[in-house]
Structures are given as structure tokens and as C-alpha cells.
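J.: Residue numbers (the numbering used here), protein chains in the order written: chain A, 1 to 167; chain B, 1001 to 1100.
Where a beta carbon is used, it is the ideal one built from N, C-alpha and C, also for glycine.
These numbers were taken from a predicted model, which means no experiment stands behind them.
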Amino acid sequence: MILERLFFILFAVVAIAAAGGVVCFKNPVHSAFSLIVCLLQVAAIFVLLRSPFLAVVQIFIYVGAVMVLFLFVVLVLDIKKASLETFPGLKRWPVYVILPVMAIEFLIVIFGKSFAHMQMAEAGAETTVEVIGLALFTHYLLPFEIISVLLLAAMVGAIIMAKKRWN
Amino acid sequence: MIPLTWFIGLGLILFMIGVAGVLLRKNIIIVLMSIELMLNSVNINLVAFSYYLDDIRGQIFAIFTITVAAAEVAVALGILIALVRNRRVLNSDDMDSLKG
């Protein structure tokens, strides 16, 4: 049990550090690699939550597809000018004030007394692919079909957007 | 057993970092990556509640979120490529042609 907590802390610390790297790195390529590290840590946290299928989906789709797409776009565009952007100074100072205040406020609410009485159901068994597939193809069939159409529309839209202008 | 609040706290911190990235950075690619970060932190919350309430629905929603995020990235990067090709801007402050 204590080992589980130690692993959670390890994954959480690395994930937060990598997320900070995404925001702070000057070069978009470094940011992309930092985001890959963060997404892998989130996948590990999904494993800790006994949902291995979602962890695999996370790695396949996010790390395998989305981040590779990001890196391709960074390669296609010339980032010489853009990568010279320095980390934003104090010009946008309200962000530095409002976000930490909001974060501390939320953390006080989460770790405070109001959540303490919410005793959750004792942890369930590991969800297998069979259970997820059964739910997805019976109870959630309509959302599944709608999301497929959405994905197709997004694909067509992306191709048309990126196509050279035809006259 | 890990307390549920730890997962919510982790999701909150990652979400705040993502919001900070969207608000502070000017490079559009990094803004898009920060949006991915925010969507991921929401997924952590969904899966954590799915585990602690012993309910499959949270994971189903997380799968839908991942799909929508993939579609969003495809469209956003298509728009970005078209924008850079036609206007030569990669800075979100320079994209103000819709401003009256």
C-alpha cells in the first residue's frame, strides 16, 4: 500500500515537472518532448487506477499519434523566428497573481474538510477490455457512432485546411 | 490505497499549468500543447472517479475525451499550417485580422 503511494508521488512529481517544462521551454521541440514525458506519466497513473486499457490508449493515441503530428508540424514550419520568443516577462502579471491564488483556493477546498465525508466505494476490480467494449458497443453505441463521424469530419477538415489553395 | 484527493489535486495542478501555458505563451504550437495538457488533467479526474465509484462510465467518457482531443489537434494543426502558409505568423498576438 505504501509502495503504491510512493509510486504515485514519483509519477506525479515527474508529470508536474514535465508540464512545467512544456510551458517554460523556449524551443517548441523541447516542449513537445517534455509533453511526451508528461503524457507517459499520466498513462502510468492510469495503470495505478487499475485501468490498463486507457493507459494503452493514452500511449497509442497521445504519444503515438498526436505528439508525432505536433513534431511533424514543428518540422514543417520554420520555427527559427518563433523559437526566439523569450519566456513572457511581467507584462502579463495578472496571470501570475490570479492562477496561484485560484490553485491554492481549489487545493484548500479539495484537501479540506468538505471532501472528507465523501467516503468512496472500496476500490473495484481491474476493468478489463471486455467490460469496456461491452459498454461501448451496447449502452454507448450512439455516442460511439457520433464520435466516429466527428473524427471523420475532422479528418476531412484537416486535409482541406492544409491543402494548397486551388484556383 | 491512494486517497482520491491526491488524484484530484494532481489534475488541478496540471490544469493550472495548462491554463498558464495558454495565457502566457505566444507561440501557437505551445498553446495547443497546453490545451492537450488541460484535456489530460480532466481525464485523470474522470478515471479517478471511475475507479473510486467503481463505475465504468468515467472511463468511457475519458475515451471520448481522448478522441475529441485527437480530432481537435488535427483540425487545429491544419488551420495552423494554412495560417502560416498564407500569413507567415506563428505568434498569437499577430493574429488579429478578425479584430474590428
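Starting from Val149/A, follow the alpha helix (DSSP H) in both directions and report where the run begins and ends.
T.: Working through the first sequence from its first residue, we reach residue 149/A at position 149. Leu141 to Ala162 is the span of the alpha helix (DSSP H), which, as asked, contains Val149/A.
J.: I need the boundaries of the alpha helix (DSSP H) containing Val109/A, first residue and last residue.
T.: Working through the first sequence from its first residue, we reach residue 109/A at position 109. Per DSSP, Val109/A belongs to the alpha helix (DSSP H) from Trp93 to Phe111.
J.: Tell me the rounded alpha-carbon separation between Ile1056/B and Arg1088/B.
T.: For this step, residue 1056/B is matched to residue 56 along the second sequence. For this step, residue 1088/B is matched to residue 88 along the second sequence. Ile1056/B and Arg1088/B: Cα-Cα distance of roughly 46 Å.
J.: Secondary structure at Asn1086/B, three-state DSSP: helix, strand or coil?
T.: Indexing the second sequence from 1 puts residue 1086/B at position 86. Note: Asn1086/B maps to helix in three-state DSSP.
J.: Quick one: what does DSSP say Asn27/A is sitting in, helix, strand or coil?
T.: Working through the first sequence from its first residue, we reach residue 27/A at position 27. Three-state result, Asn27/A: coil.
J.: Identify, in the order they occur along the chain, each residue of the same chain with its Cβ nearer than 6 Å to the Cβ of Tyr62/A, setting aside the five sequence neighbours on each side.
T.: Residue mapping note: residue 62/A aligns to position 62 of the first sequence, counting from 1. Cβ within range, chain order: Leu39.
J.: Which residues, in chain order, does the segment 1068-1082 of chain B contribute to contact with chain A at a C-beta distance below 9 Å?
T.: Residues passing the 9 Å Cβ filter: Val1068, Ala1069, Ala1070, Ala1071, Glu1072, Val1073, Ala1074, Val1075, Ala1076, Leu1077, Gly1078, Ile1079, Leu1080, Ile1081 and Ala1082.
J.: Between Phe1007/B and Lys163/A, what straight-line distance do the alpha-carbon atoms span, to the nearest angstrom?
T.: Working through the second sequence from its first residue, we reach residue 1007/B at position 7. Working through the first sequence from its first residue, we reach residue 163/A at position 163. The alpha-carbon atoms of Phe1007/B and Lys163/A are separated by roughly 42 Å.
J.: Taking the continuous alpha helix (DSSP H) assigned at Glu1036/B, which residues delimit it?
T.: Translated into positions along the second sequence, residue 1036/B becomes position 36. Segment Ile1028 to Tyr1052, the alpha helix (DSSP H) holding Glu1036/B.
J.: Between the C-alpha atoms of Leu54/A and Met1016/B, what's the straight-line distance to the nearest angstrom?
T.: Indexing the first sequence from 1 puts residue 54/A at position 54. Indexing the second sequence from 1 puts residue 1016/B at position 16. Leu54/A and Met1016/B: Cα-Cα distance of roughly 23 Å.
J.: Sort Val131/A, His30/A and Ile147/A by Cα distance to Thr1065/B and report the nearest one.
T.: Here residue 1065/B refers to the residue found at position 65 when the second sequence is read from its first residue. The shortest C-alpha separation from Thr1065/B is found at Ile147/A.
J.: Use the C-beta contact count for Ser1097/B: other C-beta atoms within 10 angstroms, 16 or more gives buried, fewer gives exposed.
T.: One-based indexing of the second sequence puts residue 1097/B at position 97. So Ser1097/B counts as exposed.
J.: Relative to the alpha-carbon of Met1/A, which residue among Leu48/A, Ala12/A and Val129/A has its alpha-carbon at the smallest distance?
T.: Taking the first sequence and counting its residues from 1, one reaches residue 1/A at position 1. That would be Leu48/A, whose Cα lies nearest to the Cα of Met1/A.
J.: Just to confirm my understanding: we take Ile1079/B, look at its own chain, exclude 5 residues before and 5 after, and list those with CB closer than 7 Å. What are they?
T.: If you number the second sequence from 1, residue 1079/B lands on position 79. No residues qualify anywhere along the chain.
J.: Let me know if Glu1036/B comes out buried or exposed under the rule of 16 or more other beta-carbons within 10 Å of its beta-carbon.
T.: The residue given as residue 1036/B occupies position 36 in the second sequence. The residue in question, Glu1036/B, is buried, as its Cβ has 16 or more Cβ neighbours within 10 Å.
J.: Are the segment 140-155 of chain A and the segment 62-78 of chain A touching by the rule of at least three beta carbon pairs closer than 8 Å?
T.: At 8 Å Cβ cutoff, the stretches do not touch.
J.: Name, please, each residue of chain A whose Cβ falls closer than 7 Å to the Cβ of Ile1008/B.
T.: Numbered from 1 along the second sequence, position 8 holds the residue referred to as residue 1008/B. By Cβ distance, chain A contributes Ile110.
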